[in-house]
Structure formats: structure tokens, C-alpha cells
Amino acid sequence: MKKVYLTILILGIAIALFAYFQIVNRPIDVEILKVSRRDLPLSISVSGSLSFSRKIDIYPKISGMVKEVRVKPGDKVKKGDILAIIDAQELKKQMDQIKNMIDLLKISTALKGIGFQQSDTPYFSQDQLNTLENYYDSLKSLYEERIVRAPISGIIAKINITPGETIKSQEQAPTTNILGNLSSLLSLFNLNISNNNSIITIIDPTSLVGLLKVDENNILKIKEGQDVEIYVDALEENPWRGKITSISMIPSLNKDGSYSYEVSVNLPQLGNKVVEGMSISATINIGIKKNVIVIPLSTISFKEGKTYVYTVENGKAKRKEVVIGDMNTDYVEIKEGLKEGDFVILSPLDKISDNSKIRIYKEN
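In our numbering, the protein residues as written are 1 to 364.
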């Protein structure tokens, strides 16, 4: 009985070993690619953000209370459209006072011309009268600025005022050099008030640019006019195409201690779809390398500081060292180690090793 059990055990082990070696020695199905020459487009991958190169901040030219705001952020406006109205009653009162002074002085001058002069009426020359009239005209022009108009056609990006709010002008009111009596009269009109805050910001959507950061190792490969593919992280519709319009000559210091340069790309077709500050990634096309041996980047393996591919020789996978050259996101140039007509294994690279038995199931 023991002999029967022993025989069954030995037979079971033999079957298991046979099955094991059958599995171990079974060829691995692989997909291969025939090596050939082709043109290799070269590119650089970078990141950045969106910005509008034409962005107008509107500052108040007169002081007063905000009477109306006729727009809101996101509104499209045309050049000359009314954006807001400022209550400038104080300025209007000052204008009326100066106008009354001018009329009074003209009457006084006319009376003097016919020999009548009141003892308490100050004397003004014609030059002083002309200066006062010019001053009035300047105040009148300033009064027109109570109506805030769009300086360009575009989109309202930001509004910093609300109706009922009192704002101060950034500009100085016109002054005069008249001396004496007129100088003391005009000292009543103090309009020299300033404020550094803009009240409305307008952007030109056609001025959208991508601001890319290119590191110091690649900046010399970049030229104006090169094609760029832009990918906006927040949009499903990608890529967007533009051209390099400018390259900064002044570097910026990065957190890791390296330097990068700002490169601008025009993207006018995107202006109505995005907002400023959105993150982007980009592929900059820097040229084409003609007629070189090229294989997919995914076929490259690295081990102990060396670069390898797996080729096909007599039904086995052979690990072969290669020297690589330029590359893009998908393909790499092979300078040494492969020749036209060789076959490299595309997949499954994680299941093969040097001298693995293989069976070709697909050839590209």
C-alpha cells in the first residue's frame, strides 16, 4: 500500500514539474516595431498662466459722490459707452462762481473804457482776464469728466465703486499764475485731491497671452514666431495654438534656486472663454530633426546608468544598449545601437528579460 502512495506522489510531483516547466518555457507574446528613419519634431514642455496684455485701469478725474454705475463685471462694452456718473455739484458751483467773476470783470473793463471806474473794484489787465477765462475752460473740461466712459472696447473685469460712495480724483485741478487780487480769489477753489485706487478695470479680450516659464537650459532654443500648443487646465477643448511674441531677457529666481525666463504667446481666440490667472501647460515646437533613426520613448529601459531596448533575435528577447539623442514627448532619436530593419519590442516590457522566449503576435 505504501508503494502505491509513493508511486502516486512521485507521479503528482512529476506532473507538477512538467506543467511548471511548460509554463516557464512558454514563449511570451510580444508586439514589435520595425526600426526606420523618420523626421523627429522637437519640442519643450513648460507651464504658465493666462494674462491680458491690454488692461486699462480707469481713475477718477474729479472728486464727488458716485451717482450711477451702469455696468457690472463681465459686461461687454464699446469705446465711449457710459460706465458711471459722478455727482460734481461742488465743481459746478465753483465754475458758476468763476463765470460770474469773468462777467463782472468784463463789465468793469467796459465801464473803465467809457471813463467810469468804481473805487472798490480791483483792476485786472486783459492778460489776467484771458488767464481767468482759460482757467474756466479747464474747469469746464474737468466737469465733463463726471461722465466716466469706456476708453476702449472690451470686457469689464473689475468695479471698485458703488452708488453713493464718495471718491477722490487722482489728477490735480488746473492752476493759474495770476497774482494779486485774482490769486486770493482763486485760493477759495482747492481741488488738489488725489487717490491711487482705480474705479473700473477693462480688459481687451483679443489681447490674451500665455505667460510661460522657460528654464535657463532651454531658453536659447526659443525664438519669436515659434508655434506653441497651449493646454488650459480648466477647459475640455484643447489644445489651443499660438505663436511666441516676446522673450524676456531678465530671469526670475525660482524657489529651487534655478532661473527661468518669461515667454509670451498670443492667444486672441481664447479671450472670451477664460479668465486671467488660469493655469496652462504648453508644448513649444523648436524644430525638426530630419531623417534620423527614431523609436517610441516607451521602448526605452534604464538600468545601472545605461540605456537599453529589447530587440528580437532568433525567437528571443535581447537586451541591447543604445545611445539616445534628441527626443520629444513621444519619440526618441537613437544615435548608436540600432540600425534600419532591426526589430524592437514595444510590449509587454514588464514581462520580458534578456533571453526570454518570445512569440510575435503583432508587428508595426
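Here a beta-carbon is modelled for each residue, glycine too, at the ideal position from N, C-alpha and C.
With respect to R149, A88 sits apart: the two C-beta atoms are not nearer than 7 Å. About 6 Å separates the Cβ atoms of G337 and E321, confirming a contact at the 8 Å cut-off. Setting aside the 5 residues that flank it on each side, I352 is surrounded in the same chain by I28, V30, Y310, A317, I345 and I358, each with a C-beta closer than 8 Å to its C-beta; the list follows chain order.
Annotated three-state conformation of L50 is strand, per DSSP.
Scanning its chain for C-beta atoms nearer than 7 Å, with the 5 sequence neighbours on each side dropped, one finds around D342 the residues V35 and T311, in chain order. Excluding its 5 nearest sequence neighbours in each direction, V77 has C-beta neighbours in its own chain below 6 Å: A150, listed in chain order. With respect to the 7 Å criterion, V292 and L40 are classified as neighbours on the basis of their beta carbons. As computed with DSSP, L40 is found in a beta bridge with K289. Comparing alpha carbon positions, the residue from I324, E133, D81 and N160 closest to S301 is I324. Under the three-state reduction of DSSP output, Y135 falls in the helix class. Here the segment 197–207 does not lie against the segment 100–107, with fewer than 3 beta-carbon pairs under 8 Å apart. Contact check between the segment 325–332 and the segment 264–281: fewer than three CB pairs, one atom from each, fall below 8 Å, which does not count as touching. A Cβ-Cβ contact shorter than 7 Å links L91 with I62. Excluding the 5 residues flanking it on each side, Y143 has same chain C-beta neighbours closer than 8 Å at I62, A88, L91, K92 and M95, in chain order. In the three-state DSSP reduction, D87 falls in the strand class (E or B). Just so you know, the alpha carbons of P268 and V209 end up roughly 7 Å apart. Y331: member of the beta strand (DSSP E) spanning Y331 to E336, first to last residue. Only buried fits G154, as 16 or more other CB atoms lie within 10 angstroms of its CB.
The alpha-carbon separation between I288 and S45 amounts to approximately 16 Å.
Between the C-alpha atoms of S43 and K339 there is a straight-line separation of about 24 Å.
For N130 and S49, the gap between their C-alpha atoms comes out near 55 Å.
The beta carbons of E216 and S281 sit about 19 Å from each other, so the pair does not count as a contact at 8 Å. If you check the CB distance, N285 and D227 come in under 7 Å. The residue among R70, G225 and Q97 with its C-alpha nearest the C-alpha of T162 is R70.
Taking all protein chains shown into account, S252 has fewer than 16 neighbouring C-beta atoms within 10 Å of its C-beta and is therefore exposed. For L211, the enclosing beta strand (DSSP E) starts and ends at L208 to D215. Counting C-beta atoms within 10 angstroms of its own C-beta, S141 has fewer than 16 neighbours from the protein chains shown and is therefore classed as exposed.
Beta-bridge pairing by DSSP links N266 to V209.
When the beta-carbon positions are compared, Y308 and R319 come within less than 7 Å of each other. From the listed residues N364, T299, E333 and E304, the smallest Cα separation to D350 is found for T299. Here S45 carries a strand assignment [DSSP, helix/strand/coil]. CA-CA distance, D137 to V66, rounds to 24 Å. Judged by DSSP in its simplified three-state form, M65 adopts strand. Taking a C-beta distance under 7 Å as the contact criterion, Y261 and S248 qualify as a contact pair. Out of L211, I334, E304 and S356, the CA that lies nearest to the CA of K290 is found in I334.
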